[in-house]
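Trainee: First the structure, then my questions, so here it is.
Numbering (the working numbering), first residue to last: 134 to 449.
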């Protein structure tokens, strides 16, 4: 009996520690829910490993567990203060958490967020995600806590030196802050021309067309994308969203969202409840009240606190 228990304990231990950091990272990238559990187990098994805590910070950020992510990020930085990745994910954790707290807490947390990203850039000047986060901070924060357009412009130039396409995107953010929507759209187009294979840039341009109410261009843009890659979930979702915003091609938008709901969900793509919400809007616009009601109820089943589908159901 003792031998059996010993073997069983070994099997359980092996199961808990089976996932490597590389496997966990791949799971997080793919939106695999096992990623968080595996990251938790890895950090528990390696409590003095900064990489383990940094990976757990990332997992918690991606799963919307902001407060717990800050705790993990602080542990990672305490173990390895000169780790650019630890600083970067701590900054992301603060960025997620800051939207959940009151104004006084925001004011005390904002400098910590800024410091984490500034330390990331000092340790790794080529971390463009950190530079982009800093640019956003400098644009949004008051000067009293380190904000300023001049600092944002400096980050945009540094980003552009390292990646022309992302430099155009950075300038677009500054132009949007200045309410120069036409200039921002030109920057999006320049970014896409510089790197048409980049899905993030492709998405930004399509959303730029939506914001400019250039719906024909948005439809054309996302049609081209889905024709080139039938598994591009973001493009199918945005086709549906373009139909909602424009009130055009409703049946096509419905089909696009139905396609989206059948595709695997990536970590950075809208959750299914948002797709059901948009689908309900399209059914309502098409006069299909029963289908709209079902879609809104599906959204609420996935997220009972989702206010917009509740409001739409009340209108039916």
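Where a beta carbon is used, it is the ideal one built from N, C-alpha and C, also for glycine. Treat the numbers as computed from the prediction; the structure is a model and nothing was measured.
Sort 419, 434 and 162 by Cα distance to residue 409 and report the nearest one.
Mentor: Counting from one through the chain shown, the residue named residue 409 turns up at place 276. Comparing Cα positions, the closest option is 434.
Trainee: Please return the same chain residues whose Cβ sits closer than 7 Å to the Cβ of residue 440, not counting the five positions on each side in sequence.
Mentor: Numbered from 1 along the chain shown, position 307 holds the residue referred to as residue 440. Excluding positions up to five away in sequence, the list is empty.
Trainee: Does DSSP put residue 216 in a helix, in a strand, or in coil?
Mentor: As a working mapping, residue 216 is identified with position 83 in the chain shown. Coil at residue 216, not helix or strand.
Trainee: Measure the CB-CB distance between residue 445 and residue 406 and report whether it falls below 8 Å.
Mentor: Here residue 445 refers to the residue found at position 312 of the chain shown. Here residue 406 refers to the residue found at position 273 of the chain shown. It is not a contact, given that the beta carbons lie outside the stated cut-off.
Trainee: What's the C-alpha gap between residue 235 and residue 411?
Mentor: As a working note, residue 235 is residue 102 in the chain shown. As a working note, residue 411 is residue 278 in the chain shown. Looking at the two C-alpha atoms, the distance is approximately 30 Å.
Trainee: Report all residues from its chain with a CB closer than 8 Å to the CB of residue 398; omit the five preceding and five following residues, and keep chain order.
Mentor: Translated into the one-based positions of the chain shown, residue 398 becomes position 265. The answer, listed in chain order, is 164, 366, 404 and 405.
Trainee: Taking only three categories from DSSP, how would you classify residue 286?
Mentor: Translated into positions along the chain shown, residue 286 becomes position 153. Residue 286 falls in the helix class under three-state DSSP.
Trainee: Counting only the same chain and skipping the five closest in sequence on each side, list residues whose C-beta sits under 7 Å from that of residue 351.
Mentor: Counting from one through the chain shown, the residue named residue 351 turns up at place 218. Closer than 7 Å at the Cβ level, and outside the excluded window around residue 351, lie 339, 342, 343 and 375.
Trainee: Roughly how many angstroms lie between the CA atoms of residue 388 and residue 373, to the nearest whole one?
Mentor: Position 255 of the chain shown, counted from the first residue, corresponds to residue 388. Position 240 of the chain shown, counted from the first residue, corresponds to residue 373. The straight-line gap from Cα to Cα measures roughly 8 Å.
Trainee: Apart from the five residues on each side of it in sequence, which residues of its chain come closer than 8 Å, Cβ to Cβ, to residue 291?
Mentor: For the purposes of this step, residue 291 is identified with residue 158 of the chain shown, where counting begins at 1. For residue 291, where only same-chain residues beyond five positions count, the Cβ hits under 8 Å are 258 and 264.
Trainee: Below 8 Å on the Cβ atoms is my contact criterion, and I expect residue 222 with residue 211 to pass it. Report the Cβ-Cβ distance as a whole number of Å.
Mentor: The sequence position of residue 222 within the chain shown is 89, counting from 1. The sequence position of residue 211 within the chain shown is 78, counting from 1. So it is not a contact: roughly 13 Å between Cβ atoms.
Trainee: Check whether the segment 282-300 and the segment 313-329 are in contact - that is, three or more C-beta pairs closer than 8 Å.
Mentor: Yes, they touch.
Trainee: Please state whether the Cβ-Cβ distance between residue 157 and residue 195 is less than 8 Å.
Mentor: Stepping through the chain shown from its first residue, residue 157 is reached at position 24. Stepping through the chain shown from its first residue, residue 195 is reached at position 62. In this structure, residue 195 does not lie closer than 8 Å to residue 157 by Cβ.
Trainee: Alpha carbon to alpha carbon, what distance is there between residue 217 and residue 184?
Mentor: As a position in the chain shown, residue 184 is number 51, starting the count at 1. As a position in the chain shown, residue 217 is number 84, starting the count at 1. About 11 Å.
Trainee: Have a look at residue 239 and residue 302 and give me their C-alpha separation to the nearest angstrom.
Mentor: Taking the chain shown and counting its residues from 1, one reaches residue 239 at position 106. Taking the chain shown and counting its residues from 1, one reaches residue 302 at position 169. Roughly 27 Å between the two C-alpha positions.
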